[in-house]
Amino acid sequence: MGTLIDRVHREMTEEDIASVAGAYHAWRGDKDVKGKYEDVPGFCAAVKLDDVRKHGYVLTPGRYVGAEAAEEDDEPFEEKMKRLAATLRKQQTEAKKLDAVIAANLKELGF
292 MGTLIDRVHR EMTEEDIASV AGAYHAWRGD KDVKGKYEDV PGFCAAVKLD DVRKHGYVLT
352 PGRYVGAEAA EEDDEPFEEK MKRLAATLRK QQTEAKKLDA VIAANLKELG F
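Every letter in the sequence shown is one number past the one before it in my numbering, and letter 107, counting from 1, is 398.
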C-alpha cells in the first residue's frame, strides 16, 4: 500500500486512503458503509485491549495485523534455483556488455 518515499515515509494514493477510511468506517459500524467489517491479514485487525496490554501497549501494526497470505509457489526449489541462476548469468553477461559501452562512451567524452 502506498509508495515508500524513504525509510520511514510512505505516500498513499487516493485509492489507498479510501481503502483505509473504508475499513475504519466499517469497523465503527457507520450506516453509510456497505458490508461488514472484517480483519484483513496484513492490512487491518480489531484487537482487544488485553492484546495491546500483553504487547506492552506497543501499537506497531505488524504485531496485530500479521502478514498477507503468501502466494503459493508450486515450482520445485531445484528447478526454481536453476531458472533464477540462469537468468542471473544472462543479466551479468548483459551487465558486462553495458559496462563496456558506458566506459567507451565516457572515454569518447574525455572522462
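For glycine and all other residues, C-beta sits at the position ideal for the given N, C-alpha and C.
Tell me where the alpha helix (DSSP H) around residue i begins and ends.
i, result
"Lys398", "368-399"
"Glu306", "305-319"
"Asp330", "Where Asp330 is concerned, there is no enclosing alpha helix (DSSP H), given that its DSSP letter is neither H nor E."
"Val349", "Per DSSP, Val349 belongs to no alpha helix (DSSP H) and is neither H nor E."
Per DSSP, which one or two residues make a beta bridge with residue i?
i, result
"Leu405", "Outside the displayed span of the chain (292 to 402) sits residue 405, for which this structure offers no information."
"Val324", "Note: Val324 sits in no beta bridge, so no partner."
Given a threshold of 16 other Cβ atoms within 10 Å of its Cβ, counted over all protein chains shown, does residue i qualify as buried or as exposed?
i, result
"Ala377", "exposed"
"Ala309", "exposed"
"Ala314", "buried"
Does the region 357-365 come close enough to the region 332-344 to have 3 or more Cβ pairs within less than 8 Å?
Output reads yes: the region 332-344 touches the region 357-365.
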